[in-house]
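Novice: Sharing a structure below in structure tokens format, with a few things to ask.
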Amino acid sequence: MKRMPQQQRPLRIRGLILSIFFPVLMVVILSGNPKPITPTEVLSSIALVDSFRAIPSDNPFSETYEVWFRVPLDHTNPHSQYFPLRVYYSHNGFNKPMVVVIDGYTMYTSKANEITSIVDGNQITIEHRFFSQSRPLDSIPWSYLNIRQAAADAHLVISAFKPFYHGKWISTGISKSGQATIFHRRFYPADVNVSIPYVAPLNFSSEDERVYKFLDSVGTPECRKKIYDFQIQLFERKSEIMPLFKELSASKGWKFTMGFEKAYDLSVLEYSFAFWQWGFNCSSIPASSSTAKELFEHWLEVNPFSFFEENEVDKVRPFFYQAMTEIGMYGYRVKPFSRYLSDTANITFSFAMPRGHRAIFNASAMSDIDRWVKDSGSYMLYIYGQNDAWSATAVDPGRKTNAVKMVCPGGSHSSRIKDFPPELQDSIYKVLGRWLDLKLPANGYTNSSSGL
Numbered sequence: 011m012k013r014m015p016q017q018q019r020p021l022r023i024r025g026l027i028l029s030i031f032f033p034v035l036m037v038v039i040l041s042g043n044p045k046p047i048t049p050t051e052v053l054s055s056i057a058l059v060d061s062f063r064a065i066p067s068d069n070p071f072s073e074t075y076e077v078w079f080r081v082p083l084d085h086t087n088p089h090s091q092y093f094p095l096r097v098y099y100s101h102n103g104f105n106k107p108m109v110v111v112i113d114g115y116t117m118y119t120s121k122a123n124e125i126t127s128i129v130d131g132n133q134i135t136i137e138h139r140f141f142s143q144s145r146p147l148d149s150i151p152w153s154y155l156n157i158r159q160a161a162a163d164a165h166l167v168i169s170a171f172k173p174f175y176h177g178k179w180i181s182t183g184i185s186k187s188g189q190a191t192i193f194h195r196r197f198y199p200a201d202v203n204v205s206i207p208y209v210a211p212l213n214f215s216s217e218d219e220r221v222y223k224f225l226d227s228v229g230t231p232e233c234r235k236k237i238y239d240f241q242i243q244l245f246e247r248k249s250e251i252m253p254l255f256k257e258l259s260a261s262k263g264w265k266f267t268m269g270f271e272k273a274y275d276l277s278v279l280e281y282s283f284a285f286w287q288w289g290f291n292c293s294s295i296p297a298s299s300s301t302a303k304e305l306f307e308h309w310l311e312v313n314p315f316s317f318f319e320e321n322e323v324d325k326v327r328p329f330f331y332q333a334m335t336e337i338g339m340y341g342y343r344v345k346p347f348s349r350y351l352s353d354t355a356n357i358t359f360s361f362a363m364p365r366g367h368r369a370i371f372n373a374s375a376m377s378d379i380d381r382w383v384k385d386s387g388s389y390m391l392y393i394y395g396q397n398d399a400w401s402a403t404a405v406d407p408g409r410k411t412n413a414v415k416m417v418c419p420g421g422s423h424s425s426r427i428k429d430f431p432p433e434l435q436d437s438i439y440k441v442l443g444r445w446l447d448l449k450l451p452a453n454g455y456t457n458s459s460s461g462l
């Protein structure tokens with residue numbers, strides 16, 4: 011066989027190397043910008059980011075930014091108008107997990123979420139559309155406030171960051187934010203690897219009567235009677251307590267467009283739900299022999315009256331709109347207190363609807379979510395508190411998926427993973443560790459560590 015001249019062999023080898031690696035090189039070049047070196051370069055490369063500024067960082071983050079995205083009002087319309095959506099973006103490492111907090115309300119903090127602390131991750135927090143300044147400047151177009159549009163907001167933000175973060179992706183949220191986490195996962199299941207909704211109700215009506223059954227059975231009969239007797243005391247001694255209610259309202263600058271009488275009555279009815287929601291102890295309920303001031307102070311501690319105050323209602327009116335049209339709510343039973351009330355039918359929160367809008371509930375929205383949860387909702391970890399009134403309408407994941415539902419014994423709406431007994435915490439870590447292919451908890455996190 012004729013041997014190749016020595017001087018030609020390197021050329022052939024170089025040609026072979028180029029023939030193998032040139033296509034790969036072209037894929038890298040044509041696939042878009044190289045991975046940014048810094049979080050600011052990430053933000054600068056996202057076309058839908060209008061502005062951003064650095065804000066103080068919480069552990070474990072090296073940098074945190076307040077970011078304003080430009081988001082379509084209607085994701086189904088390519089010619090839609092846009093509105094500003096606020097996001098907190100906290101960086102910990104491009105190869106670490108990304109935790110997406112899908113907020114259901116106004117964002118109040120950029121601190122590390124409990125899940126972020128457990129996995130030692132990055133964090134993006136997405137404000138819900140039409141809360142605070144994440145809304146059109148002139149007025150709120152209420153017809154675009156629904157679970158599909160809000161889920162699409164989260165999808166847009168996640169898609170913008172996805173190319174830059176190569177670890178596992180986790181979505182989470184608490185209460186209404188937990189609901190938003192479920193809704194987003196239903197419509198965009200591939201956006202994240204795992205979802206962890208905390209204390210998230212799945213209501214089937216604007217007055218879900220499962221709440222009444224829960225309030226009739228939670229705790230002990232003795233405790234439930236103490237709660238009812240306390241409510242009766244508030245009605246019976248209204249003439250003594252009302253001046254304290256008005257005095258506090260004046261000092262706070264509260265306004266009740268429904269009038270003091272109605273606000274007082276609704277606050278009495280709210281007491282039992284709030285008592286269990288926030289995990290109060292029955293021993294804290296004052297005796298009937300207590301002074302009006304003692305009754306009032308306990309009532310205020312359990313159920314701050316601002317829940318019905320006009321300015322406070324206005325801040326969360328998007329919640330009430332959603333509750334009355336899609337995501338459901340509870341109501342108040344009149345019959346046990348009928349001798350003190352002029353109402354003849356159970357009371358709902360329709361009074362909190364935006365002016366000119368009727369409370370027409372679309373039951374199909376939550377029915378669809380319920381079907382998806384049972385049939386397709388895998389890699390979902392649901393966290394609940396046993397005595398939380400919102401657990402009356404907790405998700406039932408069924409048996410067709412690998413979803414896990416964990417209930418904190420004696421827990422409330424404030425229940426977090428760190429509040430579970432150690433053996434149940436270990437079970438939670440094992441589930442998440444298996445799903446995420448991580449050893450958890452990461453980075454020395456303990457049940458005494460901070461985390462929202």
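Counting from 1 along the sequence shown, just add 10 to a position and that's the residue number in the working numbering. Where is the CB? At the ideal position from N, CA and C, for every residue including glycine. No experiment lies behind these values; they were computed from the predicted model shown.
According to DSSP, is Glu304 helix, strand or coil?
Specialist: helix
Novice: Considering only residues of the segment 402-450, which uninterrupted beta strand (DSSP E) runs meet the minimum length of 3 residues and lie entirely inside it, listed in chain order?
Specialist: Taking 3 residues as the shortest admissible run, the segment 402-450 contains the following complete beta strand (DSSP E) segments, listed from N- to C-terminal end: 414-418.
Novice: Any beta-carbon of chain C closer than 8 Å to the one on Glu433?
Specialist: The structure shown contains no chain C, having only a single protein chain.
Novice: So the beta strand (DSSP E) Gln133 belongs to, where does it begin and stop?
Specialist: In the DSSP assignment, Gln133 falls within the unbroken beta strand (DSSP E) covering Asn132 to Ile136.
Novice: What span of residues does the beta strand (DSSP E) with Pro94 cover, start to end?
Specialist: Annotation: the continuous beta strand (DSSP E) that includes Pro94 extends over Tyr92 to His101.
Novice: Is the distance from the Cβ of Ala190 to the Cβ of Gly114 below 8 Å?
Specialist: yes
Novice: Drop a sphere of 10 angstroms on the beta-carbon of Asn321, count the other beta-carbons inside from all chains shown, and report buried for 16 or more, exposed for fewer.
Specialist: exposed
Novice: Where do the ends of the alpha helix (DSSP H) carrying Pro328 lie?
Specialist: Arg327 to Gln332
Novice: Let me make sure I understand the geometry here. Which of Trp309, Glu304 and Pro296 has the alpha-carbon closest to that of Lys236?
Specialist: Taking only the C-alpha atoms, the option nearest Lys236 is Pro296.
Novice: DSSP state of Leu155, grouped into three classes?
Specialist: coil
Novice: Relative to the C-alpha of Leu434, which candidate in Leu446, His423, Pro419 and Val167 has its C-alpha closest?
Specialist: Closest option to Leu434, Cα to Cα, is Pro419.
Novice: Buried or exposed: where does Asn213 fall if 16 or more other Cβ atoms within 10 Å of its Cβ makes it buried?
Specialist: Buried.
Novice: When the Cα atoms are used, what is the spatial distance from Ala399 to Thr354?
Specialist: Rounded to the nearest angstrom, the two C-alpha atoms are 24 Å apart.
Novice: Nearest CA to the CA of Gln159: which residue from Arg195, Ser300, Gln143 and Asp130?
Specialist: Looking at the Cα atoms, Arg195 is the closest of the given residues.
Novice: So Gly229 packs on Asn397, CB below 8 Å; how close in whole Å?
Specialist: The C-beta distance from Gly229 to Asn397 rounds to 7 Å, short enough to meet the 8 Å contact threshold.
Novice: Using the Cα positions of Leu166 and Ser282, report the straight-line distance between them to the nearest angstrom.
Specialist: 40 Å
Novice: List the DSSP bridge partners of Gly395.
Specialist: Cys418
Novice: Which runs of the alpha helix (DSSP H) at least 4 residues long sit entirely within the segment 232-288? Give them in chain order.
Specialist: 248-262 and 270-287
Novice: Check this for me: beta carbons of His101 and Ala162, under 8 Å apart or not?
Specialist: no
Novice: Could you tell me whether the Cβ atoms of Arg220 and Thr403 are closer together than 8 Å?
Specialist: It is a contact, given that the beta carbons lie within the stated cut-off.
Novice: Can you list, in chain order, the residues of its chain whose CB lies under 7 Å from that of Leu155, leaving out five sequence neighbours each side?
Specialist: Arg139, Phe140, Pro328, Tyr331 and Gln332
Novice: Near Ser199, what residues of its chain come up, given a Cβ to Cβ distance below 8 Å and the 5 sequence neighbours on each side ignored?
Specialist: Before going further, note that residue 199 is Pro rather than Ser in the sequence given. Excluding sequence neighbours, Pro199 sits near Ser386.
Novice: Going by other Cβ atoms of all chains shown within 10 Å of its Cβ, with 16 needed for buried, is Gln17 buried or exposed?
Specialist: Here the model assigns Gln17 a pLDDT of 37, short of 50, so the residue's position is not dependable, and the following value carries that caveat. Its Cβ having fewer than 16 others within 10 Å, Gln17 is exposed.
Novice: Here's the rule I'm using: 16 or more other beta-carbon atoms within 10 Å means buried, otherwise exposed. How should Gly366 be labelled?
Specialist: exposed
Novice: Considering only residues of the same chain and omitting the five flanking positions on each side of Tyr238, which have a CB-CB separation below 8 Å?
Specialist: Only Ser282 and Pro346 meet the Cβ criterion.
Novice: Contact defined as beta carbons within less than 8 Å: I believe Val417 pairs with Tyr394. What is the distance between those atoms, to the nearest angstrom?
Specialist: 5 Å
Novice: Is it true that the segment 125-140 meets the segment 96-110, where meeting means three or more beta-carbon pairs spaced less than 8 Å apart?
Specialist: yes
Novice: Under 6 Å Cβ to Cβ from Pro94, same chain only, skipping five residues before and after it: list those, please.
Specialist: For Pro94, same chain residues with a beta-carbon under 6 Å away, outside a window of 5 residues either side, are Trp78 in chain order.
Novice: State buried or exposed for Pro451, treating a residue as buried only when at least 16 other CB atoms are found within 10 Å of its CB.
Specialist: buried
Novice: Given a cut-off of 8 Å, decide if Thr335 and Phe371 are closer than it, judged by their beta-carbon atoms.
Specialist: yes
Novice: Please return the same chain residues whose Cβ sits closer than 7 Å to the Cβ of Ile251, not counting the five positions on each side in sequence.
Specialist: Leu244, Ala302, Leu305 and Phe306
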